[in-house]
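Have a look at the structure below before the remarks.
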Amino acid sequence: MHVAQPGVSAQIRRLERELGQELLDRSGRSVRLTEVGAAVLPYARAALAAVAGARLAVDELTGLVRGHVAVGTVTSHNVDLPALLAAFHEDHPAVEITLAEDNSDHLIDALRGGRLDAAIIALGATPPPGLEIHIVADESIAAAVSHRDDLARTYLI
446 MHVAQPGVSA
456 QIRRLERELG
466 QELLDRSGRS
476 VRLTEVGAAV
486 LPYARAALAA
496 VAGARLAVDE
506 LTGLVRGHVA
516 VGTVTSHNVD
526 LPALLAAFHE
536 DHPAVEITLA
546 EDNSDHLIDA
556 LRGGRLDAAI
566 IALGATPPPG
576 LEIHIVADES
586 IAAAVSHRDD
596 LARTYLI
């Protein structure tokens with residue numbers, strides 16, 4: 446909702462004045478719903494849901510996409526992620542983007558667990574099962590070893 450606490454308090458007090466009843470018991474350090482507040486709560490939730498529904502209906506008509514996308518990435522890759530995310534944000538300004546950085550195994554676990562929506566990962570010879578994979582960059586990685594090392598006689602490591 447992106448509303449600061451003082452703004453929420455002012456709105457609640459305004460509603461209390463309009464109803465002529467206290468909705469919250471503000472005694473001591475805790476704040477609890479009064480009996481009237483508990484009776485009003487389902488209607489307040491329904492009103493918020495109605496506003497969200499109205500916003501969704503307007504967004505569908507205007508083509509605006511809202512929401513949140515969680516993206517994970519490995520530390521080292523040749524994808525221009527800032528440019529990619531900036532382009533996405535330009536196309537979808539109402540979508541909040543969060544970025545997580547970790548190793549590929551943890552990112553894959555986060556994808557499977559629903560904590561990430563997409564991830565830039567390092568891909569081995571066998572793609573991880575259960576995920577839709579799209580190659581966005583193909584890079585060669587070389588190992589440099591001394592010509593005297595046993596690995597120097599091996600083409601693939």
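Letter by letter, the sequence shown follows residues 446 to 602 of my numbering. Glycine residues also receive a C-beta, built at the ideal position from the N, C-alpha and C atoms.
(message) Let me check understanding here. Comparing Cα to Cα, which of D470, A564, T479 and G452 lies closest to H522?
(response) A564
(message) Using the Cβ count rule (16 or more neighbours within 10 Å means buried), how would you classify V516?
(response) buried
(request) Classify A589 as helix, strand or coil using the three-state DSSP reduction. (result) coil
(request) Out of P451, E480 and A555, point me to the one whose CA is closest to P573's CA. (result) The residue with the shortest Cα to Cα distance from P573 is A555.
(message) Does L403 come out as helix, strand or coil in the three-state DSSP assignment?
(response) Lying before the first or after the last residue shown, residue 403 is absent from the chain, which here runs from 446 to 602.
(request) Tell me where the alpha helix (DSSP H) around V485 begins and ends. (result) E480 to T507
(message) For the structure I just gave you, are there three or more beta carbon pairs, one from the region 459 to 467 and one from the region 479 to 496, closer than 8 Å?
(response) yes
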